[in-house]
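Okay, so here's the structure we're looking at.
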Ligand SMILES: NC(=O)c1ccc[n+]([C@@H]2O[C@H](COP(=O)([O-])OP(=O)(O)OC[C@H]3O[C@@H](n4cnc5c(N)ncnc54)[C@H](O)[C@@H]3O)[C@@H](O)[C@H]2O)c1
């Protein structure tokens, strides 16, 4: 089967039309479209245009207010809380990241909490933005209490959301970017597998009875199965990270911690920005991180590997390739996008 392949700018133009049609101001429509397509560009299709249809439904059901503007509350010298007002998560999270940068520029270190926000997409995007300003960025997110999909270590029912952690640190070359869930994978990856009619790898999922399964459909049945915490037999580590992310993103931000009965679904996030020269001379920092990078890159590769990659390197490579060759959209996602476009009267690229 030949899948549709679109240039990134075409895809972004298309995505933008959806958000405009839903009543968003052009700036917000641009932001959301750019963020989604950026996820496709770097290879995280789970957080790309596959979300358009989900967002259309969320606007229709009133969960996303496409016109809402984020507000800054409770502002201190190096802290702030951003209220997303249940508008676009991408718009609110960019606001929070930029505020963290501005405050860290003054104070050396800053933390911004985000609550009442919808889905922010790829969490790495916001810490990458912080690293562009010669700062280290950290972010911790939960689902604002709802949409629990991950079983705690030793349990067989969902109690946590996938609770991602993202760190980004500048180097003299490309920034190091770690952008990972504390579960074995993002829920969106399971959704992509389901859309592609593929099985999940072993050790990722349990069904509603707690039996190991490779069927991605188990996350979408009632009662639902669960994703497992990161770490397999050593899942107590991913589980521990997930719990602490929930505390930082859920309780500390003024949002909610994960709970199977929680009704709110969105993203709550704590974002930290650390200015490098608030701690060490810049020359020292760059010399050391650059040495670290070359030590890692010069490591002989293990059996079955071609080379050692840095965290963030795979995304950069995929981006080069996709910017040159276009982005392939799976059949099911494309079918859903076409259908939604028709309903909203959106013209499609030839
Ligand atoms: N908004 C939300 O609620 C939400 C929730 C969960 C996940 N997410 C996003 O989903 C995305 C996917 O998360 P995931 O954990 O499934 O991603 P993943 O398992 O693909 O891990 C990605 C990370 O691992 C690194 N990596 C991958 N292969 C590597 C290799 N061979 N060597 C070294 N490093 C390597 C990448 O550079 C990146 O930092 C992330 O962008 C995350 O922010 C968002």
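Numbering (the working numbering), first residue to last: 319 to 668. Note that beta-carbon positions come from the ideal geometry of N, C-alpha and C, so glycine has one too. Because the structure is a prediction, the values reported are computed rather than measured.
Rounded to the nearest whole angstrom, the C-alpha separation of residue 393 and residue 399 is 7 Å. Across the structure, residue 589 and residue 418 are spaced so that their CA atoms are roughly 7 Å apart. The alpha-carbon separation between residue 465 and residue 655 amounts to approximately 23 Å. Short of 8 Å from the beta carbon of residue 611, and not among the five residues preceding or following it, lie these beta carbons of its own chain, in chain order: 489, 491, 494, 628. For the segment 542 to 602, the continuous beta strand (DSSP E) assignments of 3+ residues that do not extend past its boundaries occur at 585 to 593, in sequence order. For residue 644, the closest of 338, 609, 337, 356 by C-alpha to C-alpha distance is 356. Relative to ligand 1, the beta carbon of residue 513 is positioned no closer than 7 Å to any heavy atom. For residue 334, the enclosing alpha helix (DSSP H) has its first and last residue at 326 to 339.
Setting aside the 5 residues that flank it on each side, residue 342 is surrounded in the same chain by 384, each with a C-beta closer than 6 Å to its C-beta; the list follows chain order. For residue 527, no beta strand (DSSP E) run applies, since DSSP gives it neither H nor E.
Residues 549 of the same chain have their beta carbon placed closer than 6 Å to that of residue 555, with the five preceding and five following residues left out of the count. Fully enclosed beta strand (DSSP E) runs of no fewer than 3 residues occupy 483 to 487, 494 to 498 of the segment 468 to 537, in order along the chain. The closest heavy atom of ligand 1 lies less than 7 Å from the beta carbon of residue 442.
Restricting attention to 358, 599, 410, 517, the CA atom closest to the CA of residue 349 is found in 410. Counting C-beta pairs with one atom in each stretch, the segment 505 to 524 and the segment 534 to 543 have three or more that are closer than 8 Å, which means they touch. Taking the Cα positions, residue 345 is about 21 Å away from residue 442. Residue pairing by DSSP places residue 429 opposite 397, 590 in a beta bridge. With a cut-off of 7 Å, the C-beta of residue 497 is classified as near ligand 1, since at least one heavy atom of the ligand falls inside that distance. The beta carbon of residue 609 sits no closer than 7 Å to any heavy atom of ligand 1.
Pairing residue 335 with residue 414, the inter-Cα distance amounts to about 25 Å.
Taking 8 Å as the cut-off, the beta carbon of residue 543 is found closer than this to the beta carbon of residue 524. Looking from the CA of residue 321, the closest CA among 575, 526, 474, 514 belongs to 514.
Beta-bridge partners of residue 645 (DSSP): 324. For residue 456, the uninterrupted beta strand (DSSP E) run begins and ends at 453 to 460, by DSSP.
In this chain, the beta strand (DSSP E) harbouring residue 390 covers 389 to 391. Residue environment: residue 602 is assigned as exposed (fewer than 16 neighbouring CB atoms within 10 Å of its CB, all protein chains considered). Within the DSSP secondary-structure output, residue 379 pairs in no beta bridge. CA-to-CA, the gap between residue 484 and residue 667 works out to about 34 Å.
A straight line joining the alpha-carbon of residue 401 with that of residue 625 spans about 43 Å. Separation of residue 497 and residue 467 (C-alpha to C-alpha, rounded to the nearest whole angstrom) is 19 Å. The shortest CA-to-CA distance from residue 391 to any of 575, 623, 571 is the one to 571.
Taking the Cα positions, residue 477 is about 7 Å away from residue 576.
Between residue 583 and residue 461, the C-beta spacing is below 8 Å.
The DSSP-derived three-state label of residue 385 is coil.
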